[in-house]
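Report on the following structure.
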């Protein structure tokens, strides 16, 4: 295959970026999208040009490192697929492909397609855990969990933290990520003692990070490589509201 | 430097508890006076950071990822073993211990393996309390499945994403400590050297991957939890950034490297499809619970799988190993797959795989049940190969996956360098010459949650009041050396990319020190590796500088260390004149082609000591004493 790539290039944080156009040839339809970028980079290096920076690691769709806008869609057009699992057989010979980094104020660009997603980590730090220090756990089967509840918690917990939901949202909102993390723990019996604090802490941390507001576009759900449902956003809003009615305020619960 | 495994005396089942009762303690009020560096935030590193933070120590956690949650533990699929005996099928701590030491082909330390089996049950308790959503039955209790090398069902799992869920549990526990202020996180920061003075680890030198800034960090103890080195083969199931640099640099500073040639080639991966392929993808071993492995009986058979009748199929594992069948340990499954492909009976266009067929299971249990168990794996397979595994059997082939070798540690997980502790895949301690499935997660978490917190306190207690500082000659010297190394790589200005060298190196190591090895091949590799390495330092090209994000520069440092490791692996494989587990020397096999161990001469850990550049390293042997089990010829028939 032969392709024309229009790639966002930005030398560093706070630098002015621009699109650059590259032609790539001899691309096998069996390559993944990232392998296609590997080929581009190897050719750029041969010519003494700086390769395109992009994040990636496991290349099997679970680490959440990779992510870029491919023709305006987070991780590309194929549903439920990270860009490392997107294969070139999804494209046609001669296609022009536009490649951009996640675009959101809370995800500043570091270089080319690499952005800073540490805001997600700070949302987790605010309350995305069950406070159980090592050693204090009861015997595992002392806590029976309804199968349906365990499955639902898993569905929420499967989020890989890639940021596609934010990138795809016209408002750059992080509701889907935050809701998935809150719901995973708030559904489980183990998560009940901190349920209200967790909802308030994480929602308010999310707002403090500069993400936008949710306006129910549902773009996040469509872009999510792990099919996280927006139903969790409704659950998060419910938990948040109930917590506020109880007078719960954001406070440090970690110890 | 001491080279004493320091295994406690007493009967096997009392060693750990007895040892624990006599370890020194650090009082809660004194713990904030100690600084601990932890490198790596996978299962081992994150669980250690969380637990030490909870205890009140001051922890600095380093990861080269943007977030601790990206560590490659996240990709572990199948499950985690624990001797809970919830199935009432005869499991016990002893049986898990026995299966693990036998699975490792009697090349691991009895006491370590027994402790691992003991702690396995506590890991499940801890993970469940953290909210890890393990699979459950309708009664609300935890479900299990079975894995290779065991005849009981003791594997706990969260669909095909057990590693992800356990890592998120540990990461969240660590996040809580970051919020609490006990753990300070250094993301996008890569350790490039260990600082050692007078045989004691003083701290590390690290590089900020965004700004290129080199910084020094001092601590009372340094903990390496930096994973394995399968990427020495270039194509492996490891994440692209997984590398040997942290432990290799520690080796160059005096830490012994144990059993480097013990590498695991995992039987169930998707076969390679082309030249530019960047990595191999694992299909969880759990598929062997319900999948049947076969190849056509006749090498010339080119019919589609569905058209090949039962009578023309060779279910070679079921025939050869009737009692374990498709659930033989990984090394055995891999070697038999290689044999089938070498005979020309491979399947697929490139004839480079064997079938893993779930048709019978789909018929027996229904498509829904199979989808619930393996849905995400089937989807991943379909994406990569464009074949639908519900209709056509999967094609699989072995791929490098895990490294049992690593830095040598004593029973307390401390290396021979005082104050340097090594956890998880980065150490050599628990899996001998072959790791059983669902044991890596168990070991990483046992080390981090339940071993290190005790043994580290014991090390620190007498050092109360010691001041740590980066203001020393050792730090200054090491920092300069790191800077020089970075500059050296940048200034070569040759013509070839890092990737092209890594691919060539990987091919040599795979061909000569992969699934089977022989003397002539290893000698050849020991000729070819230094030649390629010489070219590396003359003809490498890195574009850009060291003052910004530069992925090629990062890779170049890692590949430089892989070159040196590759040589040590071959040297180790050459010196071990026996076959055991994943180390299969063609000269040493039984009449029916199984690994032939030599307990009289090789019942030891090979620990290599670095003696300087271009010097042949010194080999030290830790003899393995089997007090409880009798090493036997492994039989899974």
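Protein chains in written order, with the working numbering: chain A, 73 to 327; chain B, -19 to 617.
By construction, the Cβ of each residue, glycine as well, lies at the ideal position given by its N, Cα and C atoms.
For a quick check, are the C-beta atoms of residue i and residue j less than 9 Å apart?
| i | j | result |
| --- | --- | --- |
| residue 158 of chain A | residue 112 of chain A | no |
| residue 604 of chain B | residue 555 of chain B | no |
| residue 226 of chain A | residue 138 of chain B | yes |
| residue 20 of chain B | residue 404 of chain B | yes |
| residue 136 of chain B | residue 115 of chain B | yes |
| residue 224 of chain B | residue 214 of chain B | no |
| residue 59 of chain B | residue 418 of chain B | yes |
| residue 234 of chain B | residue 464 of chain B | no |
| residue 271 of chain A | residue 315 of chain A | yes |
Cα separation between residue i and residue j?
| i | j | result |
| --- | --- | --- |
| residue 478 of chain B | residue 519 of chain B | 10 Å |
| residue 397 of chain B | residue -8 of chain B | 27 Å |
| residue 80 of chain A | residue 410 of chain B | 47 Å |
| residue 9 of chain B | residue 342 of chain B | 59 Å |
| residue 511 of chain B | residue 504 of chain B | 11 Å |
| residue 286 of chain B | residue 275 of chain A | 53 Å |
| residue 160 of chain A | residue 261 of chain B | 17 Å |
| residue 124 of chain B | residue 134 of chain B | 6 Å |
| residue 189 of chain A | residue 236 of chain B | 38 Å |
| residue 271 of chain B | residue 374 of chain B | 9 Å |
| residue 73 of chain A | residue 558 of chain B | 49 Å |
| residue 322 of chain A | residue 310 of chain A | 16 Å |
| residue 451 of chain B | residue 457 of chain B | 11 Å |
| residue 462 of chain B | residue 173 of chain B | 7 Å |
| residue 128 of chain B | residue 221 of chain A | 30 Å |
| residue 385 of chain B | residue 153 of chain A | 35 Å |
| residue 187 of chain B | residue 481 of chain B | 23 Å |
| residue 138 of chain A | residue 156 of chain A | 7 Å |
| residue 365 of chain B | residue 190 of chain B | 35 Å |
| residue 218 of chain B | residue 361 of chain B | 17 Å |
| residue 289 of chain B | residue 110 of chain B | 49 Å |
| residue 121 of chain B | residue 260 of chain A | 13 Å |
| residue 454 of chain B | residue 196 of chain B | 11 Å |
Which first and last residues belong to the alpha helix (DSSP H) in which residue i is found?
| i | result |
| --- | --- |
| residue 337 of chain B | That residue, residue 337 of chain B, is in no alpha helix (DSSP H); its beta strand (DSSP E) goes 334 to 337. |
| residue 177 of chain B | Element bounds for residue 177 of chain B: not the alpha helix (DSSP H) but the beta strand (DSSP E), 169 to 177. |
| residue 254 of chain A | 247 to 259 |
| residue 305 of chain A | 303 to 317 |
| residue 225 of chain B | 225 to 232 |
| residue 310 of chain B | 310 to 322 |
| residue 482 of chain B | 478 to 493 |
| residue 356 of chain B | 347 to 365 |
| residue 111 of chain A | 105 to 118 |
If the cut is a Cβ gap below 8 Å, which residues of chain B does residue i touch?
| i | result |
| --- | --- |
| residue 112 of chain A | The premise fails here: residue 112 of chain A is roughly 11 Å from chain B at the closest Cβ pair, so nothing lies under 8 Å. |
| residue 198 of chain A | 159 |
| residue 260 of chain A | 111 and 113 |
So with CB distances below 9 Å, who are the chain B contacts of residue i?
| i | result |
| --- | --- |
| residue 77 of chain A | Under the 9 Å cutoff, chain B gives no residues; its nearest Cβ is about 16 Å from residue 77 of chain A. |
| residue 189 of chain A | 46 and 47 |
| residue 320 of chain A | Residues of chain B passing the Cβ test: none, with the nearest at roughly 17 Å. |
| residue 136 of chain A | 47, 49, 50 and 54 |
Against residue i, what residues of chain A qualify as contacts under a CB-to-CB distance less than 8 Å, listed in chain order?
| i | result |
| --- | --- |
| residue 121 of chain B | 213 and 216 |
| residue 523 of chain B | 116, 117, 120, 121, 122 and 123 |
Would you decide whether residue i is buried or exposed? Buried here means 16 or more other CB atoms lie within 10 Å of its CB.
| i | result |
| --- | --- |
| residue -18 of chain B | Note on residue -18 of chain B: pLDDT 49, under 50, position unreliable in the model; the coordinate value appears next. With fewer than 16 other Cβ atoms within 10 Å, it is exposed. |
| residue 607 of chain B | exposed |
| residue -16 of chain B | exposed |
| residue 103 of chain A | buried |
| residue 32 of chain B | buried |
| residue 17 of chain B | buried |
| residue 263 of chain B | buried |
With respect to the beta strand (DSSP E) encompassing residue i, which residues constitute its N-terminal and C-terminal limits?
| i | result |
| --- | --- |
| residue 623 of chain B | Residue 623 of chain B lies beyond the stretch modelled for chain B, which goes from -19 to 617, so this question has no answer here. |
| residue 434 of chain B | First-last for residue 434 of chain B: 432 to 440, but that is the alpha helix (DSSP H), not the beta strand (DSSP E). |
| residue 604 of chain B | Here residue 604 of chain B belongs to no beta strand (DSSP E), and DSSP marks it neither H nor E. |
Quick one: list the residues of chain A neighbouring residue i, beta-carbon separation under 7 Å, in chain order.
| i | result |
| --- | --- |
| residue 220 of chain B | 128, 129 and 131 |
| residue 144 of chain B | 134 |
| residue 153 of chain B | 201 |
| residue 138 of chain B | 226 |
At 9 Å on the CB atoms, spell out the chain A contacts of residue i, in chain order.
| i | result |
| --- | --- |
| residue 167 of chain B | 190 and 193 |
When Cβ atoms are compared, which residues of the region 353 to 372 of chain B fall closer than 9 Å to chain E?
Annotation note: the requested chain E is absent from the structure, which comprises protein chains A and B.
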